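Chains as they are written, first to last, in this note's numbering: chain L, 54 to 168; chain E, 34 to 149. All C-beta atoms in this analysis are idealised placements derived from N, C-alpha and C, irrespective of residue type, glycine included. Treat the numbers as computed from the prediction; the structure is a model and nothing was measured. Working notes, structure below.
This is the structure we're talking about:
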């Protein structure tokens, strides 16, 4: 079975500084991995996805993530935080091996951006 | 194009009442999922529909929960005899499940259910 661990429940950065949100996964198969963002009282928006092509994945709003199989990690980064990045971020793995392809979510990391 | 829509956006009900939550997936998406987001449990899978196949109900927490999908499109999640622990945001997602992109899911805004 797949699982996802987000190592930080809260991350606080200053505007203009780099963002690092950490994620480790466990999967029996070559996984599909995603990062979703949820702004307050809004739905989940797909930031980026990894599906066994390039290990460095670029997403929307300047975010990117690197798939490292040896470390079973899929950390999310952004060079320079913006106030609008304040939200909750979910690292997600797809249960591709079960056929139903349901998503397993991490517990989320709340990103605060200080002015 | 239009995204996944859900209605109502908010629902307040009394303990013991039945509720119905509706999801309109993206047109052409063959797969539809229901998830629940609650404070204590995070985001958890509930049920999966794919085309005309029998749904995968393995995530439903009790037999008070049921869902149907009519005509391969709109889905309704029904909770009977609601309990306070059912209070959560119920999220619907759809997926095209096309070759080369089998896993990407697109989420609706959710229905916030409050059971008093």
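Closer than 7 Å at the beta carbon, the chain L residues around residue i
i: residue 57/E; result: By Cβ distance, chain L contributes nothing, its closest Cβ being about 13 Å from residue 57/E, past 7 Å.
i: residue 93/E; result: Those within 7 Å of residue 93/E in chain L number zero; the least Cβ separation is about 12 Å.
Cross-chain neighbours of residue i in chain L, by beta carbon under 8 Å
i: residue 105/E; result: In chain order: nothing, as chain L lies at least about 16 Å away.
Neighbouring residues, chain E, relative to residue i (Cβ below 8 Å)
i: residue 69/L; result: Neighbours of residue 69/L on chain E: none; closest Cβ ~30 Å, over 8 Å.
i: residue 95/L; result: 142
i: residue 160/L; result: 75
i: residue 143/L; result: 76
Buried/exposed call for residue i, threshold 16 Cβ in 10 Å
i: residue 161/L; result: buried
i: residue 47/E; result: exposed
i: residue 89/E; result: buried
i: residue 157/L; result: buried
i: residue 74/E; result: exposed
i: residue 82/L; result: exposed
i: residue 41/E; result: exposed
i: residue 127/E; result: buried
i: residue 118/L; result: buried
Closer than 9 Å at the beta carbon, the chain L residues around residue i
i: residue 63/E; result: Residues of chain L passing the Cβ test: none, with the nearest at roughly 11 Å.
i: residue 137/E; result: 85, 87, 99, 102, 104 and 147
i: residue 66/E; result: 153, 154, 155 and 156
i: residue 124/E; result: 96 and 97
Bounding residues of the beta strand (DSSP E) (the contiguous stretch that carries residue i)
i: residue 81/E; result: 75 to 83
i: residue 115/E; result: Neither: residue 115/E is in no beta strand (DSSP E) and is coded neither H nor E.
i: residue 77/L; result: 76 to 79
i: residue 102/E; result: 98 to 102
i: residue 35/L; result: Here chain L comprises residues numbered 54 to 168, so residue 35/L is not present and cannot be evaluated.
i: residue 154/L; result: Segment: none, residue 154/L is in no beta strand (DSSP E) and carries neither H nor E.
i: residue 126/L; result: 126 to 131
i: residue 128/E; result: 121 to 128
i: residue 102/L; result: 97 to 103
i: residue 172/L; result: This structure leaves residue 172/L out entirely; chain L is present only between 54 and 168.
i: residue 39/E; result: 38 to 40
i: residue 118/L; result: 117 to 121
Beta-carbon neighbours of residue i, restricted to chain E and to distances below 7 Å
i: residue 116/L; result: None at all; the shortest Cβ gap to chain E is about 16 Å.
Member of the options whose CA lies at the smallest distance from the CA of residue i
i: residue 53/E; options: 126/E, 59/E and 45/E; result: 45/E
i: residue 86/L; options: 134/E, 59/E, 144/E and 67/E; result: 134/E
i: residue 55/E; options: 142/E, 110/E, 129/E and 138/E; result: 110/E
i: residue 115/E; options: 80/E, 149/E, 75/E and 74/E; result: 149/E
i: residue 39/E; options: 95/L, 130/L, 69/L and 89/L; result: 95/L
i: residue 93/E; options: 68/E, 107/E, 117/E and 84/E; result: 68/E
i: residue 36/E; options: 87/E, 146/E and 62/E; result: 62/E
i: residue 87/E; options: 130/E, 144/E, 103/E and 96/E; result: 103/E
i: residue 75/L; options: 63/L, 113/L, 154/L and 115/L; result: 63/L
i: residue 58/L; options: 165/L, 142/L and 167/L; result: 142/L
i: residue 66/E; options: 129/E, 43/E, 112/E and 50/E; result: 129/E
Contact test: residue i Cβ vs the ligand NAP heavy atom, cutoff 7 Å
i: residue 155/L; result: Among the components of this structure there are no ligands whatsoever, and the ligand NAP is therefore not found.
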